[in-house]
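Residue numbers (the UniProt record's numbering), protein chains in the order written: chain G, 1 to 205; chain L, 1 to 205.
Just so you know, even glycine gets a beta-carbon here, dropped at the ideal spot from N, CA and C.
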DNA sequence: GCGCAATTATGCACTCATTGCAGAATTGCA
DNA sequence: TGCAATTCTGCAATGAGTGCATAATTGCGC
């Protein structure tokens, strides 16, 4: 990585940090891109060569969870079916929860609940992730899943996790207990994927 | 409904029609709010007293499908469990497909695929719908579903339908055959909800 | 070290969505 | 007909995002 790249990465990080700080202190809408650029000591125009939009600041790293899931699909044990693979991936992700510690995560979560633009972006990312996972799943299990089934399975999986989270995140009490939350989410996913578990062949009809 | 209300409704419709026409002809981004207002013969400023934003033009009616689903929940047969109710609702919705005929529907679908702001709004609506349905479901089946399970079930249901649609809508060939599409979506939902069907009590673990 | 080509960073001007405000135009009802 | 409530509009701003032209940096070959 050249000096150029390193400097660019540093500036990028500075922008994220400055934004997090300003959002936290003054609120998302009250913070202008100009403010953020100024805090990171670059020109306002330059901001847009680092991030295409203000929302992007909150999603600086491509979601590693998608990659982890895709990896889990590739690394499946021969006996595992599609559902096992997804559930295994979910468990692994829960453990090395590096996303939970990011200083951005909490802020991001709060803003997703309150700022439409941010929520839109988050959901867009979710859909893209779903599509990506479904694609790999269909490729890995060509005998058991056609495109539509793979998408439905992934959708049900993500939907269940997401639905459970939607409720869990509304309850501050539960948020205080990450272990319990993870357990609840895992259970939701388990339940949603049950029909896919026991049958080696496609559950047609 | 007073003259005032009728006139207001007429103007509102005129805006939707004008927008649909302009979006269709020139594209979403190339059509400014000012253009739309001018086409409907009202001031640009006035536009914002009819719609809070440009996207809203594409979602003029509150989604009747949510209401239909909620009604289906209330009208359930005593023997029906949560999953049956959802599947029944899905079938009913498919039949009186009044949404499919709206001249807006096709355009909306295309724009959801291509315009981030529109997609964001659509997804937001989906999440709200999910929350609403889960709420009613939990209330109707207090013995079988807690808040989290209801949200997970609803999420799996909506996710499966949505995932299936995501794939189906990418294929112009399938779009030409609505009946087949509906069947595929129904099957996806069936599969996703299988575990909830046969067991009267909660499928704990 | 020097100089050139590629890559970045900026300033400026502009388009657009969206909002607050204040005054003009309409409408409903007494 | 006349007043009060409701709408409609123009005007001025704010703030995101973009195109363009120019200046500042950096990577490399000599």
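Terminal residues of the alpha helix (DSSP H) in which residue i lies
i: residue 170(L); result: It is not in any alpha helix (DSSP H) - residue 170(L) carries neither H nor E in the DSSP assignment.
i: residue 108(G); result: 103-114
i: residue 71(L); result: 64-74
i: residue 42(L); result: It is not in any alpha helix (DSSP H) - residue 42(L) carries neither H nor E in the DSSP assignment.
Residue i in three-state terms, based on DSSP
i: residue 178(G); result: helix
i: residue 142(G); result: coil
i: residue 28(L); result: coil
i: residue 2(L); result: coil
i: residue 135(L); result: helix
i: residue 61(L); result: coil
i: residue 52(L); result: coil
i: residue 81(L); result: coil
Residue i versus residue j: straight-line alpha-carbon distance, rounded
i: residue 44(L); j: residue 11(G); result: 40 angstroms
i: residue 67(L); j: residue 138(G); result: 34 angstroms
i: residue 118(G); j: residue 87(G); result: 28 angstroms
i: residue 14(G); j: residue 108(G); result: 17 angstroms
i: residue 172(G); j: residue 105(L); result: 39 angstroms
i: residue 26(L); j: residue 128(G); result: 27 angstroms
i: residue 47(L); j: residue 78(L); result: 48 angstroms
i: residue 203(L); j: residue 161(L); result: Only weak support is given to the placement of residue 203(L): the predicted model assigns it a pLDDT of 41, under 50, and the value that follows is read from those uncertain coordinates. Using only the alpha carbons, I get a separation of about 22 angstroms.
i: residue 53(G); j: residue 115(G); result: 14 angstroms
i: residue 131(G); j: residue 62(G); result: 15 angstroms
i: residue 122(L); j: residue 31(G); result: 26 angstroms
i: residue 3(G); j: residue 41(G); result: 19 angstroms
i: residue 201(G); j: residue 168(G); result: Unreliable positioning characterises residue 201(G) in this predicted model, as indicated by a pLDDT of 41, which lies under 50. A coordinate reading is not provided.
i: residue 9(G); j: residue 60(L); result: 44 angstroms
Test item: CB-CB of residue i and residue j under 7 angstroms
i: residue 159(G); j: residue 120(L); result: no
i: residue 89(G); j: residue 72(G); result: yes
i: residue 18(G); j: residue 57(G); result: no
i: residue 148(G); j: residue 179(L); result: no
i: residue 93(G); j: residue 65(G); result: yes
i: residue 154(L); j: residue 133(L); result: yes
i: residue 22(L); j: residue 35(L); result: yes
i: residue 156(G); j: residue 192(G); result: yes
i: residue 188(G); j: residue 152(L); result: yes
i: residue 70(L); j: residue 76(L); result: no
i: residue 111(L); j: residue 28(L); result: yes
Closer than 7 angstroms at the beta carbon, the chain L residues around residue i
i: residue 154(G); result: 163
i: residue 158(G); result: 159
i: residue 236(G); result: The displayed coordinates of chain G run from 1 to 205. Any statement about residue 236(G) would go beyond what the structure contains.
Neighbouring residues, chain G, relative to residue i (Cβ below 9 angstroms)
i: residue 206(L); result: Nothing about residue 206(L) can be reported from this structure: the residues present for chain L run from 1 to 205 only.
i: residue 81(L); result: Residues of chain G passing the Cβ test: none, with the nearest at roughly 13 angstroms.
Within chain G, the residues that residue i reaches when beta carbons sit closer than 7 angstroms
i: residue 168(L); result: 148
i: residue 30(L); result: Those do not exist, as residue 30(L) stays about 19 angstroms from chain G at its closest Cβ, beyond 7 angstroms.
i: residue 134(L); result: 163
Neighbour list for residue i in chain L, Cβ cutoff strictly below 9 angstroms
i: residue 131(G); result: 163, 166, 167
i: residue 188(G); result: 148, 149, 151, 152, 153, 155, 156
Proximal chain G residues relative to residue i, where beta-carbon distance stays under 8 angstroms
i: residue 124(L); result: 116, 119, 120, 123
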